[in-house]
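K.L.:
In the working numbering, the protein residues as written are 467 to 658.
(1) Quick check: the segment 554 to 568 against the segment 613 to 624, are at least 3 beta-carbon pairs closer than 8 Å?
(2) Residue range of the alpha helix (DSSP H) that residue 635 falls in?
(3) Cα-Cα, which of 635, 613, 632 is closest to residue 587?
(4) Check whether the segment 621 to 640 touches the segment 541 to 556, counting contact only when three or more Cβ pairs, one atom from each stretch, lie closer than 8 Å.
(5) May I ask which residues mark the beginning and end of the alpha helix (DSSP H) holding residue 546?
(6) By Cβ distance below 6 Å, which residues in the same chain neighbour residue 477 in space, the five residues on each side in sequence not counted?
(7) Going by CA-CA distance only, name the one from 658, 649, 551, 515 that's closest to residue 629.
(8) Span of the beta strand (DSSP E) holding residue 558?
(9) I need the straight-line Cα distance from residue 489 to residue 506, nearest angstrom please.
(10) At the level of alpha carbons, what is the spacing between residue 475 and residue 583?
(11) Can you tell me whether residue 476 is helix, strand or coil according to DSSP?
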């Protein structure tokens, strides 16, 4: 969404330059292009204002805002509202939450605590706040490729894959935001 805002800002700047150019040409001002450019500038200002207004007046509680900031940053307020409807917040204490070779029904977004990713009882990755577990099997539509264990007092946002996929199918921009979130998470895992 930030890309769209930047695109609108650039459009406003280019529109202002266009107005100046069309006003100062030697043959005299070209009022029709100036009028149309002004309309486009007003539309872009309106869209930027409504975007910021909807995000500012999101009505989220402090815990919702922290969850949005830590786990779903990059989503618009509206996209976060959509995902907020299907999430479950669960606490885990030294539990196995994903089993290698098994179908997984859920994706886990860590709010607090840690998850350990194990292959053959060796810890290959430790996931912390903001990380995601189960996204690989979601993206590949395959079985889990590792065991995932929670540490003591780990809190996760749990999302049923079928419900998430259903929302993604209905909303292309939401689909792009989720894909971007998963890609960022996978890149983070690869680079660490």
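No residue lacks a Cβ here, since even glycine has one placed at the ideal position from N, Cα and C.
The model shown is predicted, which means the values in this text are computed figures rather than measured ones.
P.N.:
According to the structure shown:
(1) A contact between stretches requires three or more CB pairs, one per stretch, nearer than 8 Å, and the segment 613 to 624 meets this requirement with the segment 554 to 568.
(2) 627 to 636
(3) 613
(4) Contact between the segment 621 to 640 and the segment 541 to 556 is present, with at least three C-beta pairs closer than 8 Å.
(5) 543 to 550
(6) 510
(7) 551
(8) Note, residue 558: beta strand (DSSP E), 553 to 558.
(9) Their backbone Cα atoms lie some 17 Å apart in a straight line.
(10) 43 Å
(11) helix
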